Structures are given as structure tokens and as C-alpha cells.
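Below you'll find the structure, written out as C-alpha cells, and then a few comments.
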Amino acid sequence: MKLPFPDLPNSSMANTSFSSLGYELKPAASLHPASHDASLENLFVPLISITPSNICPLTVYDRNGFKAMLHFSRDPAPGRPDVLVMVLSMLSTSAQPIKDIAFQAAVPKTMKIKLQPASGSELPAFSPLLPPAVVSQVLLLSNPHKDPIRLRYKLAFTQGMQPFSEVGEVTGFPEAELWGR
1 MKLPFPDLPN SSMANTSFSS LGYELKPAAS LHPASHDASL ENLFVPLISI
51 TPSNICPLTV YDRNGFKAML HFSRDPAPGR PDVLVMVLSM LSTSAQPIKD
101 IAFQAAVPKT MKIKLQPASG SELPAFSPLL PPAVVSQVLL LSNPHKDPIR
151 LRYKLAFTQG MQPFSEVGEV TGFPEAELWG R
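Last residue of the sequence shown: number 181 in this note's numbering, and the count goes up by one each step with no gaps.
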């Protein structure tokens, strides 16, 4: 099912049709230094401090030589046992460079999500002679009611000269209690 994801260069609120579905689209924090979500507003988890869990990552997107996966942190956010930590990693096997990468996410209104700034917005053309480059982005998720996690996303990027704008939903999240194993 395709959803009407708005482009949000200057707003952190989704349009009425998207909000009416019980979701609020959140772009990366770097675009919105003053978040309206006080519970996650001042929370920042450095990528280097994250210990991955042993759970296999979920594939968010895998087309056109571009792959995005969600990895789960073994530990919740420091000082916030109610906040789950995920890392989105994006890599390319394309012969063309990928630029202008922008990831946005939405969760049901019973949850809150914060996307920290991505480590970059470009991936070079794939070379079998070099290690693959990766763009990473930390996602913080507050799920106070322990509801099953559902995440809708918008992923925009330019591959070579061709722009892409993809939307989808990630399901099949493991139970939060399993992340620490």
C-alpha cells in the first residue's frame, strides 16, 4: 500500500491524510534542531557507543544496487531504559554513485521516534577493489506501551542522475526484550 509521504524540508509534522492514519513523520534531527518531542529532544546516542545485538538486521530497502538495513542495539539509550536504539546502515553495490540520501521514518502515535543526523548523504560507486562505504544513522524509539513496532519510511536518493523516492513499511521487529541478547 503506497502512502502519501509529504516532503518535509521545513516541517516536522505530516499532512492531515498521513496523520489521520495514526503516524507522524519525523525527518532527521539535523533538519529540526528544536524537536517538539520533549521526551527524546535532548537525547543523543553516539554511534561509536552502540553495541550491536546478536539479532539479525531487518532489511528496509534492497533495490537498484542500494541496500538499507536496521540493526538493533544490545542496550537501551544510556539513562533511558525505555528508549530502544537502532542503527540504519545504507550501502551501495551500484556502479553509479548515490547522492542526496535522505531517510524519514514514522511510527504509530503511541510511540515516538527520533532520527539522529546521518553520518553522510553520499555513497561512491561500488568498486570490488575497495571496502564498501556505509552511511549510518541512529534511530531512537520510545515505545512506552510495548506495542508491536511498525515503522513506515520514506527513502529519497539520487543514483547517477536518476532520482528515487521510495516509501514502505518495516514489520517483523523482534520483541524488545530480545535485543539485549
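Every residue, glycine too, gets a C-beta built ideally from N, C-alpha and C. Here the structure is a predicted model, which is why all the values come from computation and not from measurement.
Cβ-Cβ separation, residue j to residue i (assumed contact under 8 Å), whole Å
i, j, result
"residue 49", "residue 72", "Incorrect: roughly 15 Å between the Cβ atoms, too far for contact."
"residue 163", "residue 125", "With 8 Å as the limit, residue 163 and residue 125 do not qualify as a contact, their Cβ atoms being about 17 Å apart."
"residue 67", "residue 90", "7 Å"
"residue 139", "residue 113", "6 Å"
"residue 182", "residue 151", "Coverage of the chain is limited to positions 1 through 181, which leaves residue 182 absent and any answer about it impossible."
Residue closest to residue i, alpha-carbon to alpha-carbon, out of the options
i, options, result
"residue 103", "61, 45, 97", "61"
"residue 105", "47, 174, 156, 42", "156"
"residue 154", "44, 107, 83, 130", "107"
"residue 123", "134, 170, 115", "134"
"residue 92", "99, 65, 111", "65"
"residue 118", "179, 137, 178", "137"
"residue 148", "128, 131, 171", "171"
"residue 158", "99, 80, 95, 42", "99"
"residue 47", "56, 57, 40, 77", "77"
"residue 94", "79, 63, 176", "63"
"residue 177", "109, 132, 82, 130", "82"
"residue 84", "40, 59, 132, 120", "40"
"residue 179", "44, 45, 55", "55"
"residue 109", "74, 57, 165, 141", "141"
"residue 79", "57, 42, 59, 70", "42"
"residue 146", "111, 44, 51, 75", "111"
Status (buried if at least 16 other CB within 10 Å, exposed otherwise) for residue i
i, result
"residue 161", "exposed"
"residue 143", "buried"
"residue 36", "For residue 36, the pLDDT reaches just 38, beneath the cut-off of 50, and the residue's location in the model is therefore unreliable, although a value from the coordinates is still provided. The residue in question, residue 36, is exposed, as its Cβ has fewer than 16 Cβ neighbours within 10 Å."
"residue 115", "buried"
"residue 88", "buried"
"residue 129", "exposed"
As assigned by DSSP and simplified to three states, the class of residue i
i, result
"residue 165", "strand"
"residue 92", "strand"
"residue 48", "helix"
"residue 102", "strand"
"residue 77", "strand"
"residue 178", "helix"
"residue 129", "coil"
"residue 97", "coil"
"residue 108", "strand"
Limits of the unbroken beta strand (DSSP E) element including residue i
i, result
"residue 151", "151-159"
"residue 139", "134-142"
"residue 115", "112-115"
"residue 192", "Nothing in the structure corresponds to residue 192, since the chain is present only between 1 and 181."
"residue 62", "58-63"
Unbroken alpha helix (DSSP H) run spanning residue i, endpoints
i, result
"residue 40", "38-41"
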